[in-house]
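Undergrad: Under our numbering, the letters of the sequence shown match residues 96 to 246, in that order. Note that CB positions come from ideal geometry on N, CA and C, so glycine has one too. If you're wondering where the values come from, they're calculated on a predicted model, not measured in any experiment. Before I ask anything, let me first share the structure, which is written out below as structure tokens.
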Amino acid sequence: MNWFGQLVLAYIAVLGFGLIINIPRRALNIAGWIGTLTWGAYLIVQAFDGGVVLGSFIGSVGIGVLSNLAAHYKKMPSIIFNIPSLVSFVPGSQAYQMVRNFALGNYRAAIGFTLQVVTITGAIAVGFLVAELVNRLIVFCLLQWRRFKLL
96 MNWFGQLVLA
106 YIAVLGFGLI
116 INIPRRALNI
126 AGWIGTLTWG
136 AYLIVQAFDG
146 GVVLGSFIGS
156 VGIGVLSNLA
166 AHYKKMPSII
176 FNIPSLVSFV
186 PGSQAYQMVR
196 NFALGNYRAA
206 IGFTLQVVTI
216 TGAIAVGFLV
226 AELVNRLIVF
236 CLLQWRRFKL
246 L
């Protein structure tokens with residue numbers, strides 16, 4: 096599938112998951128755009144042979160930063176934008192293959208898929224940690240600029 100189709104499907108996936116978990120309607124479009132932009136960043140990392148783990152890390156940093164900006168703009172909690180935008184990055188196929196191979200007795204393949212699931216989910220968690228640090232840095236810089244009347 097081409098990159099444009101993937102971006103359209105990412106937007107639709109975020110909207111669909113947002114409807115399923117019942118986020119407010121006024122947050123759906125922004126959550127969809129956050130999911131689309133971060134999936135685009137993931138695709139760019141993939142195009143430069145960055146790998147799934149680095150792509151998931153960059154995507155989750157983007158989700159964390161953009162969700163915080165959207166939360167301030169819409170005056171809503173950032174988790175409303177985080178959760179639906181993250182649905183594209185969840186390593187569901189690797190988790191399925193892990194359980195399937197354990198059930199079939201293919202333990203070597205199952206352990207390989209287990210390592211993939213652990214590294215991808217770890218990259219997502221560390222990405223959200225880095226995003227929180229970036230958000231705090233942005234707030235600190237804004238406060239300092241206002242203090243010295245640079246803004």
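Check this for me: beta carbons of Tyr137 and Gly154, under 9 Å apart or not?
TA: yes
Undergrad: DSSP on Pro186, reduced to helix/strand/coil?
TA: coil
Undergrad: Going by DSSP in three states, Ile206 sits in which element: helix, strand or coil?
TA: helix
Undergrad: From Ile174, Gly127, Ser183, pick the residue whose C-alpha is nearest to that of Ser39; which is it?
TA: No answer is possible for residue 39: it lies beyond the span of the chain, which begins at 96 and ends at 246.
Undergrad: What first and last residue would you give for the alpha helix (DSSP H) that runs through Asn177?
TA: 174-180
Undergrad: Shortest alpha-carbon distance to Ile178 belongs to which of Gly146, Tyr191, Asp144, Asn163?
TA: For Ile178, the nearest C-alpha among the options comes from Asn163.
Undergrad: What alpha helix (DSSP H) runs, 4 residues minimum, are completely inside the segment 118-142?
TA: 120-142
Undergrad: Nearest CA to the CA of Ala166: which residue from Ile158, Phe176, Gly157?
TA: Checking every option, the nearest Cα to that of Ala166 belongs to Phe176.
Undergrad: At the level of alpha carbons, what is the spacing between Asn72 and Tyr202?
TA: As shown, the chain starts at 96 and ends at 246. That puts residue 72 outside it, with no answer to give.
Undergrad: Just tell me which of Ile116, Ala108, Ala142 has its CA closest to the CA of Gly97.
TA: The sequence shown places Asn at residue 97, rather than the Gly named in the question. When each option's Cα is compared against that of Asn97, the closest is Ala142.
Undergrad: Tell me whether Ala122 is buried or exposed, calling it buried when 16 or more other Cβ atoms sit within 10 Å of its Cβ.
TA: In summary, Ala122 is buried, with 16 or more beta-carbon neighbours lying within 10 Å of its beta-carbon over all protein chains present.
Undergrad: Please find out if some non-hydrogen atom of the ligand NAD comes closer than 8 Å to the beta-carbon of Val160.
TA: For the structure depicted, the ligand NAD is absent and the ligand set is empty, with no information on it obtainable.
Undergrad: Contact check, Val160 vs Val229 under 8 Å by CB: the rounded distance?
TA: 5 Å
Undergrad: Would you kindly check if the distance between the Cβ of Val221 and the Cβ of Met193 is under 9 Å?
TA: no
Undergrad: Just verifying my parser: in three-state terms, what is the DSSP assignment at Ile215?
TA: helix
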